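A.B. asks:
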Amino acid sequence: MTRRIEFAGHQSKPVERTVFHRRELNRILSVYGHLVGSGAARDYAIAMLTDRAVFSIYRRAAERPTWTIEKVPALARRQGAWAVRGAEGQILKRGHDLGPVLKVFERHKLKIVT
29 MTRRIEFAGH
39 QSKPVERTVF
49 HRRELNRILS
59 VYGHLVGSGA
69 ARDYAIAMLT
79 DRAVFSIYRR
89 AAERPTWTIE
99 KVPALARRQG
109 AWAVRGAEGQ
119 ILKRGHDLGP
129 VLKVFERHKL
139 KIVT
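Structure below.
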């Protein structure tokens, strides 16, 4: 997706950004909804930069996110474009497909209490 930023009387170059596609964002938001339901998350933020797209998940109103889900197309052929990072920046899971990478959050799924 290209976005042109124009200033008064000055034309700039189009800015190329890495973005989440609708299906990717739906899967990520589904996982986020489960985390909110289980009490493990309260807020999120999305950053779409030139080299990566980042979905940050916050447990509390803190300066750093508890988890980040990153899409880095430059790593698609090597380690995989998708990664989940922890609060300290450690990589919890990395892969070529989003589905298997998001399985790192399965331990936070809702449980039925009778």
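In terms of this note's numbering, the sequence shown is numbered consecutively and its last residue is 142.
Cβ atoms here follow ideal geometry from the backbone N, Cα and C, with glycine treated the same way.
For clarity, every value in this text was computed on a predicted model and none was experimentally measured.
I need the straight-line Cα distance from THR78 to VAL132, nearest angstrom please.
C.D. replies: Taking the Cα positions, THR78 is about 26 angstroms away from VAL132.
A.B. asks: Can you list, in chain order, the residues of its chain with a C-beta nearer than 7 angstroms to that of MET76? Leave out the 5 residues immediately preceding and following it.
C.D. replies: ARG45, THR46, VAL47
A.B. asks: Output the boundary residues of the alpha helix (DSSP H) element that contains GLY65.
C.D. replies: It spans 50 to 65 - the alpha helix (DSSP H) in which GLY65 sits, taken as one unbroken run.
A.B. asks: Can you tell me whether DSSP reads VAL129 as helix, strand or coil?
C.D. replies: helix
A.B. asks: Determine the extent of the beta strand (DSSP E) in which ALA115 is found, giving its start and end residues.
C.D. replies: Segment: none, ALA115 is in no beta strand (DSSP E) and carries neither H nor E.
A.B. asks: Output needed for VAL64: all residues of its chain with C-beta closer than 8 angstroms, excluding positions within five of it in sequence on either side, in chain order.
C.D. replies: ARG70
A.B. asks: Excluding sequence positions up to five away, which residues of its chain have a Cβ less than 6 angstroms from the Cβ of ARG80?
C.D. replies: THR46, GLU98, VAL100
A.B. asks: Rounded to a whole number of angstroms, what is the C-alpha to C-alpha distance between TRP110 and ARG122?
C.D. replies: 6 angstroms
A.B. asks: With DSSP as the reference, identify every bridge partner of LYS121, one or two as the case may be.
C.D. replies: DSSP output for LYS121 lists VAL112 as bridge partner(s).
A.B. asks: Can you say whether VAL129 is buried or exposed, counting buried as having 16 or more other CB atoms within 10 angstroms of its CB?
C.D. replies: Buried is the call here.
A.B. asks: Would THR96 and TYR86 be called neighbours here (beta carbons separated by less than 8 angstroms)?
C.D. replies: no
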